[in-house]
Amino acid sequence: MKSDKVILSGKGVTKIFGFGSNKTVAVDHVDFSFREGEVISIVGESGSGKTTLAKILLGLLKQTEGEIYFDGQLRDIRSHSKKKAYWQNIQAIFQDPFSSYNVFRKIDAVLLDCIRMRGGGRLPYDKKREMMREACSFVNLKFDELTNKYPFELSGGQQQRLMIARIFLLKPKILLADEPTSMIDACSRATILDMLMDLRNEVGMTPIFITHDIGLAYYVSDTVYIMEHGKFVESGSADAVILHPKKQYTQRLLSDVPKLHEEWDLSTV
Amino acid sequence: MKLMLKQVFGSGKFVIGFVIFLAILLTVVIYPIFVPDAPLKIISRGTFLSPGIYVNLYDSIDSATRYTLITDDAEARRVAGRLSDEDRAKMREWLIGNGVDEAEIDGADTAQLLDLWELNFDPTVRLPGMTNADRNYYIRLTASLEGLLSTEGATIASTNPETGALEQSDIVNQTDYVHVNEVANSRLFILGTDNFGRDVLTELISATGVSLTIGFVAGIVATSIGLVLGLVSGYVGGMVDQVIVFIMNLFTVIPTFVLLILISFSIGQESRGAFTIAVVIGLTSWVWTSRAVRAQVISLRNRDHVNLSKLSGHSIAYILAMDILPYIASYVVMALILQISSGILAEAGLSILGLGPRTTEVPTLGLMLNWAMIYQAHILNKWWAYLPIILVIALISFSMNLMNTGLDQVFNPALRD
Amino acid sequence: MSKPILEVNELTTNYVTRFGDKIFAVDHVSVKVDDGKSVGIAGESGCGKSTLALSLMGYYFPPLYYASGDIIIDGQNISGMDPDVVRKTILGNEISYIPQAAMNALNPTQKVIHFIEDVIQAHYPHTPKKEIYELARERFELLGLPAEVLQKYSVELSGGMKQRTVIATSVILSPKVLIADEPSSALDVTSQKMVIKMILDLMEKGIIKSLIFITHELPLLYNVTDDIMIMYAGQIVERGSADEMVFDPIHPYTKALMGSIIVPEEGLRDVKLTAIPGTPPNLKNPPSGCRFADRCKFVMPECRVRSVELRDIGGGRSYRCIIPEEDLRKAYKSEKR
Numbered sequence: 000m001k002s003d004k005v006i007l008s009g010k011g012v013t014k015i016f017g018f019g020s021n022k023t024v025a026v027d028h029v030d031f032s033f034r035e036g037e038v039i040s041i042v043g044e045s046g047s048g049k050t051t052l053a054k055i056l057l058g059l060l061k062q063t064e065g066e067i068y069f070d071g072q073l074r075d076i077r078s079h080s081k082k083k084a085y086w087q088n089i090q091a092i093f094q095d096p097f098s099s100y101n102v103f104r105k106i107d108a109v110l111l112d113c114i115r116m117r118g119g120g121r122l123p124y125d126k127k128r129e130m131m132r133e134a135c136s137f138v139n140l141k142f143d144e145l146t147n148k149y150p151f152e153l154s155g156g157q158q159q160r161l162m163i164a165r166i167f168l169l170k171p172k173i174l175l176a177d178e179p180t181s182m183i184d185a186c187s188r189a190t191i192l193d194m195l196m197d198l199r200n201e202v203g204m205t206p207i208f209i210t211h212d213i214g215l216a217y218y219v220s221d222t223v224y225i226m227e228h229g230k231f232v233e234s235g236s237a238d239a240v241i242l243h244p245k246k247q248y249t250q251r252l253l254s255d256v257p258k259l260h261e262e263w264d265l266s267t268v
Numbered sequence: 000m001k002l003m004l005k006q007v008f009g010s011g012k013f014v015i016g017f018v019i020f021l022a023i024l025l026t027v028v029i030y031p032i033f034v035p036d037a038p039l040k041i042i043s044r045g046t047f048l049s050p051g052i053y054v055n056l057y058d059s060i061d062s063a064t065r066y067t068l069i070t071d072d073a074e075a076r077r078v079a080g081r082l083s084d085e086d087r088a089k090m091r092e093w094l095i096g097n098g099v100d101e102a103e104i105d106g107a108d109t110a111q112l113l114d115l116w117e118l119n120f121d122p123t124v125r126l127p128g129m130t131n132a133d134r135n136y137y138i139r140l141t142a143s144l145e146g147l148l149s150t151e152g153a154t155i156a157s158t159n160p161e162t163g164a165l166e167q168s169d170i171v172n173q174t175d176y177v178h179v180n181e182v183a184n185s186r187l188f189i190l191g192t193d194n195f196g197r198d199v200l201t202e203l204i205s206a207t208g209v210s211l212t213i214g215f216v217a218g219i220v221a222t223s224i225g226l227v228l229g230l231v232s233g234y235v236g237g238m239v240d241q242v243i244v245f246i247m248n249l250f251t252v253i254p255t256f257v258l259l260i261l262i263s264f265s266i267g268q269e270s271r272g273a274f275t276i277a278v279v280i281g282l283t284s285w286v287w288t289s290r291a292v293r294a295q296v297i298s299l300r301n302r303d304h305v306n307l308s309k310l311s312g313h314s315i316a317y318i319l320a321m322d323i324l325p326y327i328a329s330y331v332v333m334a335l336i337l338q339i340s341s342g343i344l345a346e347a348g349l350s351i352l353g354l355g356p357r358t359t360e361v362p363t364l365g366l367m368l369n370w371a372m373i374y375q376a377h378i379l380n381k382w383w384a385y386l387p388i389i390l391v392i393a394l395i396s397f398s399m400n401l402m403n404t405g406l407d408q409v410f411n412p413a414l415r416d
Numbered sequence: 000m001s002k003p004i005l006e007v008n009e010l011t012t013n014y015v016t017r018f019g020d021k022i023f024a025v026d027h028v029s030v031k032v033d034d035g036k037s038v039g040i041a042g043e044s045g046c047g048k049s050t051l052a053l054s055l056m057g058y059y060f061p062p063l064y065y066a067s068g069d070i071i072i073d074g075q076n077i078s079g080m081d082p083d084v085v086r087k088t089i090l091g092n093e094i095s096y097i098p099q100a101a102m103n104a105l106n107p108t109q110k111v112i113h114f115i116e117d118v119i120q121a122h123y124p125h126t127p128k129k130e131i132y133e134l135a136r137e138r139f140e141l142l143g144l145p146a147e148v149l150q151k152y153s154v155e156l157s158g159g160m161k162q163r164t165v166i167a168t169s170v171i172l173s174p175k176v177l178i179a180d181e182p183s184s185a186l187d188v189t190s191q192k193m194v195i196k197m198i199l200d201l202m203e204k205g206i207i208k209s210l211i212f213i214t215h216e217l218p219l220l221y222n223v224t225d226d227i228m229i230m231y232a233g234q235i236v237e238r239g240s241a242d243e244m245v246f247d248p249i250h251p252y253t254k255a256l257m258g259s260i261i262v263p264e265e266g267l268r269d270v271k272l273t274a275i276p277g278t279p280p281n282l283k284n285p286p287s288g289c290r291f292a293d294r295c296k297f298v299m300p301e302c303r304v305r306s307v308e309l310r311d312i313g314g315g316r317s318y319r320c321i322i323p324e325e326d327l328r329k330a331y332k333s334e335k336r
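Each protein sequence line maps, in turn, to chains A, B and C.
Numbering-wise, numbering that gives the first Met the number 0 puts 87 at position 88 of the first sequence, and it's gapless, one number per residue.
Numbering-wise, numbering that gives the first Met the number 0 puts 218 at position 219 of the second sequence, and it's gapless, one number per residue.
Numbering-wise, numbering that gives the first Met the number 0 puts 145 at position 146 of the third sequence, and it's gapless, one number per residue.
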């Protein structure tokens, strides 16, 4: 699964919001290189800049400084068509399924968009329906029950699964999952994570999890990046970073999480 | 969509506003079918005829069947109509001044008063302190009293075409009546006539239609400009936003009404049609819509569903139309309603200042007010020339604001009670 | 045996929808909290745990209505009391409630001390401001909050500090019971820890006598409360001490919940998380049998017809399933996580 080929990397990536005395450095000269096929997690508290970084990686925000390389090439997303080409390779799942869908568009429209994005816009409708059915059954949804419905008629877990069905159709090389399970119940969480992992095996993509949940990061990822105030403070294999953290910030983060087999030390606050 | 309409029509305020507005609209549409007169047709000589039924005198005498009604108070009413209380007091004053015993005069007994008058009045007598005008008044009064108590009818005479002499052709008795409907020509002026002698009601309904059209055109112009600028500046951001915001600020700080006056004035009387005025009003009032739309778009543009749409490869135009516009549509509709209502008010304001549309073709509510004001209807107590217009303007404004509040409560749950 | 501070017997409350349907969001729930003890309530969203929190206070306002059952706070039965009376005499005094977004409840134009004055004067009018200030300062210092906070506006405080301020304010009258509904789930782990420490401090320092803690985060609950109750579709499905519930669950639903816990601890990566297929039943017309039947892997035909009572198996432990506990435990063992 894992290869040594670097699929996405960045050098000195920086994002500054505002000007002059109002300026906030959200992402501060971060370097990274994500290898194809590995599962990556970027862990940080709110305000650490992880969502800003995710948006930069997605090309939804422009970095103030620094370069991003995709597939060995300097990323070029200056025109709409180039962006579109880039987005065939990188896709996202957002935190809140309830706000991720346009409430005026039906589920079919959402899925048809993905087929069109893959260049299947001119396929006969029967073929498209077959593809949508396949995608829905991959995430355990029944397309025939969903057709002509709106996404908001589904439960949070189902909506997030629909999001995965979208990714199934798009088959991107990289998937950015921004807190994909934080808004859904614990019992649906396992389902979502399982599906994401199955999808990864199916289409051979590189998932990047953006999360505040260090437990989740440990559970799913091969490589973990810990982010604080716009900087990566520690990175490495999940076992090394989570079980044997070297940096004080990581240690504190870990000690603040309630656990089952270890006493939760409340005296350190 | 269906549910939304159901919710909207479930709001009492909206429904009341809507019904009033619909009633106004229907009146504007239906009335001309029944009364096809041109609204600005001058129908009377003389100005400010008061509201009521006008019966053609010639036709009443000439062609209608006559009915005889015996009514007790007909005479008293007739005399009262000719001899007012003021006249009676004056007559008393003269009689007393001329030496008639005060106790002898009973002001209420018309017959006795007239007898005394006939007996004593002498136009050559000048009472002390009496002016010439007073004297003339008494002479006029005496002339009008001729035959007041006579029970004879009026003689109608016509010229004999052969001899050229007047011949009696008919006598109209005091007890003769005609049925209004049988008179060939009668005319009902529910709201009287205006200073030019035009039927106020017909004019008012036509003016309401024109003013509503002006409001709609102004509202649609303002809302479209505001919407497009707001959408573009809010979504695109950056330099484009800066430029548009600069223009918005420019329009915000210039008092809109002054701008409106200047533009209207410089267009000139000749080319100021109702449509031009509407467009000018629209062009000066878009700024608040655009500001509000921009603010809404800014809060929407970073939503996940917009990001998802981008990631699905949609173009800016598509995103604006499908992912942004539907979310602010309710807001825009509300803004449009307010723009229409304020467009009507702006037209009224402009016209009152004499800067409204050209006057020969169509009336507008503002123009009617302007005419009423110029011809001093308010000083002359001719209420029918301005009060109904003010009421209609208020009613249109009221209904639209009510609809707006109703919509606001539907779309903004925080305001629901 | 210590006496119960809060005793709730067979409490049932319902919502009335716009269309007149009754939804029994809390269905014959019994809770007993002893002096000095804390109880945690967990469950999926929509299981009725937040409604239970509102119901426990006896503070009903439409569309939530009281149906039946008793709520006894320190010997005083408050069930069926007029909500206005409850607000004036019970809330803040006997029982306090902190909702999830409590920190957003602070009016940004008022200083913190103002809210405390409000709370105290609502119950004891004409209390001099100076007295209130002294009390507030003492209490804040006791809880490790700087006294300067009292003179600040809420916008000047960080999220965690705001939440702690709200909690300190809501217990200023030393209520017997504190109900905390997800008090820390909108916060960072560090702020969460501070909030939790403060709530535990309240217990320890005797400001409150009992705590009811509601959250969907099981590792947190395990670390905070003595007992845990699991709610499913408006009913309690299992109750026991925190240790027993986490490491020896009996009810299949509890078992599945515990199997979906993610904590950054060694060994987690080798475990496959439990997923529960399906969705909870619609409470408008709940199934006549076991409410979990549709999602349960041990389901038998009997489950769908026979209504299941909460079975007490001693030691404060009870569960709602017709399968004997030994059989369930055996089945879990054979599955091997």
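We put the CB at the ideal spot given by N, CA and C, even for glycine.
Model, not experiment: these values are computed from the prediction.
May I ask you to verify whether the stretch 243–251 of chain B touches the stretch 326–341 of chain B, counting CB pairs closer than 8 Å and requiring at least 3? no
Anything in chain C within Cβ reach of residue 190 of chain A, meaning under 7 Å, just list it in chain order. 274
Short CB-CB distance (under 8 Å) between residue 99 of chain A and chain C: no
To the nearest angstrom, report how far apart residue 212 of chain B and residue 13 of chain B are at their CA atoms. 21 Å
Would residue 406 of chain B and residue 305 of chain B be called neighbours here (beta carbons separated by less than 8 Å)? no
Anyone know if the C-beta pair for residue 207 of chain C and residue 199 of chain C falls short of 8 Å? no
Roughly how many whole angstroms lie between the Cα atoms of residue 336 of chain C and residue 82 of chain A? Residue placement at residue 336 of chain C is poorly supported in this model, since its pLDDT is 48, which falls under 50; the coordinates still yield a value, given next. Going from the Cα of residue 336 of chain C to the Cα of residue 82 of chain A covers about 45 Å.
Per the contact definition of three or more C-beta pairs closer than 8 Å, is the stretch 189–205 of chain A in contact with the stretch 156–170 of chain A? yes
Where the stretch 279–312 of chain B meets chain A: residues whose CB sits under 9 Å from a CB there: 301, 302, 303, 304, 305, 306, 307, 308, 309, 310, 311 and 312
Is the stretch 222–241 of chain C in contact with the stretch 38–51 of chain C, if contact means three or more CB pairs nearer than 8 Å? yes
Helix, strand or coil at residue 129 of chain B according to DSSP, with G and I counted as helix: coil
Please confirm if residue 399 of chain B has its CB atom under 8 Å from at least one CB of chain A. no
Residues, ordered as in the chain, of the stretch 73–87 of chain A that lie near chain B by beta-carbon distance below 7 Å: 79, 83 and 86
Just reading off the alpha helix (DSSP H) that residue 218 of chain C is part of, what are its end residues? Per DSSP, residue 218 of chain C belongs to the alpha helix (DSSP H) from 217–223.
With burial defined as no fewer than 16 other Cβ atoms inside 10 Å of the residue's Cβ, what is the status of residue 215 of chain C: buried or exposed? buried
Which one of B/202, B/140, B/397 and B/104 has the shortest CA to CA distance from residue 121 of chain B? B/140
Against chain A, which members of the stretch 136–162 of chain C pass a CB distance test of less than 8 Å? none
Quick one: measure Cβ to Cβ for residue 66 of chain C and residue 12 of chain C, integer angstroms, because I've assumed they're closer than 8 Å. 6 Å
Take residue 172 of chain A as the anchor and find which of A/225, A/55, A/265 and A/91 has the nearest alpha-carbon. Minimum Cα-Cα distance from residue 172 of chain A among the listed residues A/225, A/55, A/265 and A/91 corresponds to A/91.
Report yes if the CB atom of residue 190 of chain B is closer than 8 Å to the CB atom of residue 203 of chain B, and no otherwise. yes
Does the Cβ of residue 398 of chain B have 16 or more other Cβ atoms within 10 Å, making it buried, or fewer, making it exposed? By the 10 Å Cβ count, residue 398 of chain B comes out buried.
Give the residues from the stretch 52–63 of chain A that approach chain B closer than 9 Å (Cβ to any Cβ), ordered along the chain. 54, 57, 58 and 59
For the alpha helix (DSSP H) containing residue 3 of chain C, list its first residue and its last residue. No alpha helix (DSSP H) contains residue 3 of chain C, which is instead part of the beta strand (DSSP E) from 3–15.
How is residue 173 of chain B classed by DSSP in three states: helix, strand or coil? In the structure shown, residue 173 of chain B adopts coil according to DSSP, grouped into three states.
Are residue 81 of chain B and residue 43 of chain B touching if we call contact CB-CB under 8 Å? no
How far does the alpha helix (DSSP H) with residue 118 of chain C in it extend, from its first residue to its last? Per DSSP, residue 118 of chain C belongs to the alpha helix (DSSP H) from 111–122.
Which residues of chain B have a Cβ atom closer than 9 Å to the Cβ of residue 107 of chain A, listed in chain order? Residues of chain B passing the Cβ test: none, with the nearest at roughly 13 Å.
Unbroken stretches of the alpha helix (DSSP H), 4 residues or longer, contained in the stretch 155–217 of chain C: 158–169 and 188–203
So, residue 221 of chain A versus residue 38 of chain A, is the Cβ gap smaller than 8 Å? yes
Return helix, strand or coil for residue 206 of chain A, following the three-state DSSP convention. DSSP places residue 206 of chain A in the strand class (E or B) of the three-state scheme.
Taking only beta carbons into account, state which residues of the stretch 166–183 of chain A come closer than 8 Å to chain B, listed in chain order. Of all residues in the stretch 166–183 of chain A, none has a C-beta nearer than 8 Å to a C-beta of chain B.
Residue 91 of chain B Cβ short of 7 Å to the ligand GTP heavy atom set: The ligand GTP is not part of this structure, which contains no ligands at all.
Assuming contact is defined by CB atoms lying nearer than 8 Å, are residue 164 of chain A and residue 137 of chain A in contact in what I supplied? yes
Among residues of its own chain, excluding the 5 on either side of residue 282 of chain B, which ones have a beta-carbon nearer than 8 Å to its beta-carbon? 220, 221, 224 and 262
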